[in-house]
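J.:
Residue numbers (the working numbering): 1 to 144.
Shown next as structure tokens:
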């Protein structure tokens, strides 16, 4: 078994456990995520829904926030696995992709898995081409 597959299996196991803690009374779609930092520590998150849907927290962002709140540095997170129930490996939403871009390592691995064999894998430029970056905030706006 390859080193990458061992990493994916380890993170999937943690993501599945995290999904068991999801609060999903509206979608009934519990999602878990696990992210690994450069130092080897694994952080997990689950989706937490809210009746005001825009306030819902995705599992990916919950795991990334857990890593940052524990002291992981932006850009040091090397791998993130998303688990969704069923036979389809779902991609992350746009908001999660933007947050992953800012907090994951530039060459960080992002994978989505499910109860079946399906797995989808991306690297930074694949899951979010032409991202909005922190550097864009420092540029003066065009004033034509």
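Just so it is clear, CB atoms sit at the ideal spot from N, CA and C, and this is done for glycine as well.
As the structure is a computational prediction, the values presented were derived from the model and not from experiment.
1) What's the C-alpha gap between residue 13 and residue 110?
2) What's the gap between the Cα of residue 29 and the Cα of residue 120?
3) Compare the Cα-Cα distances from residue 132 to each of 102, 57, 26 and 92 and report the closest residue.
4) Distance, Cα to Cα, residue 61 vs residue 126?
5) Can at least three beta-carbon pairs, one atom from the stretch 70-83 and one from the stretch 33-41, be found at a separation below 8 Å?
6) Throw me the rounded Cβ distance for the residue 75 and residue 95 pair, which I believe falls under 8 Å.
7) How would you call residue 25, buried or exposed, if buried means at least 16 neighbouring beta carbons within 10 angstroms?
8) Please determine, among 41, 107, 130 and 1, the residue with the shortest C-alpha to C-alpha distance to residue 98.
9) In angstroms with no decimal places, state the Cα-to-Cα distance between residue 92 and residue 100.
T.: Looking at the coordinates:
1) 15 Å
2) 19 Å
3) 102
4) 18 Å
5) yes
6) 19 Å between Cβ atoms; not a contact.
7) exposed
8) 130
9) 10 Å
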